[in-house]
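Under our numbering, the residues of the sequence shown are numbered 7 to 180, in order.
For glycine and all other residues, C-beta sits at the position ideal for the given N, C-alpha and C.
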Amino acid sequence: DGNMVSVTQTLLSIFGSKLTLPSSGILMNNGIMWFDPEQGKRNSLQPAKRCLSNMCPVYAQKEDRHYVLGAAGGRRILPAVCQILSFLFDYNMSLEEALHLNRIDVSGNKSVLGNEKLNKGIHETLSQQFEYSQAYWTAYPHNFGIPSVVLHSAHENQGMADVMSPWSDAVAED
7 DGNMVSVTQT LLSIFGSKLT LPSSGILMNN GIMWFDPEQG KRNSLQPAKR CLSNMCPVYA
67 QKEDRHYVLG AAGGRRILPA VCQILSFLFD YNMSLEEALH LNRIDVSGNK SVLGNEKLNK
127 GIHETLSQQF EYSQAYWTAY PHNFGIPSVV LHSAHENQGM ADVMSPWSDA VAED
């Protein structure tokens with residue numbers, strides 16, 4: 007049918023509350039566990055307040071190509087999703103190219119973290135403009151967001167997950 011879904015699984019319980027809404031099929035999370043039980047703190051539970059959380063499920067379209075993407079990784083989610091979108095849309099990369107490309111992370115307070123395999127000129131430019139450090143792109147610890155992308159067009163259905171994640175899966179259709 008061409009339907010596409012982007013799902014964010016929380017770090018709390020696997021598949022959140024394990025409750026789906028009968029009218030929509032939307033899986034409910036259990037994000038209330040993110041609230042701080044002590045009153046007077048930044049993330050304290052209050053009426054009509056949303057807890058601090060990091061999610062960025064995205065649907066995007068470029069011509070006849072439809073994408074859904076998201077990532078795991080707490081505060082590293084947004085930088086990972088934005089970079090993958092830029093690689094796909096601004097640089098016309100394939101899923102494979104975009105998810106194999108070295109990335110930077112800007113989720114720290116004032117610091118920028120770059121994959122140690124980035125071009126030397128990129129390291130020099132970033133270190134001149136920001137508080138900058140380098141890190142390895144490894145299966146653990148996760149120094150960068152862990153994105154997954156699905157692509158649907160009239161000609162192909164394809165998915166790809168972060169290449170360093172040992173538990174990510176994706177499939178492609180010929």
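For residue 76, which beta-bridge partners are listed by DSSP?
On the sequence shown, position 70 is the one that residue 76 refers to. In DSSP, residue 76 forms a bridge with 154.
Select from 78, 47, 155, 68 the residue whose C-alpha is nearest the C-alpha of residue 60.
Within the sequence shown, numbered from 1, the residue matching residue 60 stands at position 54. Among 78, 47, 155, 68, the Cα nearest to that of residue 60 is on 78.
What residue from 156, 30, 38, 115 has the CA that sits closest to residue 54's CA?
Mapped onto the sequence shown, residue 54 falls at position 48. Comparing alpha carbon positions, the residue from 156, 30, 38, 115 closest to residue 54 is 38.
Could you tell me if residue 52 is buried or exposed, where buried requires 16 or more neighbouring beta carbons within 10 angstroms of its beta carbon?
Counted from its first residue, the sequence shown places residue 52 at position 46. Classification of residue 52: exposed, given that the 10 Å Cβ count is below 16.
Taking the straight line between their C-alpha atoms, what separation do you get for residue 68 and residue 95?
In the sequence shown, residue 68 corresponds to position 62, counting from 1. In the sequence shown, residue 95 corresponds to position 89, counting from 1. Those two C-alpha atoms are separated by around 7 angstroms.
Count the other CB atoms within 10 Å of the CB of residue 169; is the residue buried (16 or more) or exposed (fewer)?
For the purposes of this step, residue 169 is taken as residue 163 along the sequence shown, with counting starting at 1. An exposed status is given to residue 169, since fewer than 16 other beta-carbon atoms sit within 10 Å of its beta-carbon.
Give me, in chain order, the residues of the same chain whose beta-carbon lies closer than 8 angstroms to that of residue 64; leave out the 5 immediate sequence neighbours on both sides.
Position 58 of the sequence shown, counted from the start, is the residue given in the question as residue 64. So the qualifying residues of the chain are 12, 73, 74, 75, 76, 87, 91.
Helix, strand or coil at residue 48 [DSSP, three-state]:
Working through the sequence shown from its first residue, we reach residue 48 at position 42. Coil at residue 48, not helix or strand.
Here's a check: name, in chain order, each residue in its chain whose Cβ is nearer than 7 angstroms to the Cβ of residue 10, leaving out the five neighbours to either side.
The residue given as residue 10 occupies position 4 in the sequence shown. Within the same chain, residue 10 has close Cβ partners 65, 72, 74, 156, 158.
Under the rule that 16 or more other beta-carbon atoms within 10 Å means buried, what is residue 70, buried or exposed?
One-based indexing of the sequence shown puts residue 70 at position 64. Flag for residue 70 reads exposed.
Considering Cα atoms alone, identify which of 126, 109, 114, 127 is closest to residue 120.
Locating residue 120 in the sequence shown gives position 114, counting from the first residue. Considering only alpha carbons, the answer is 109.
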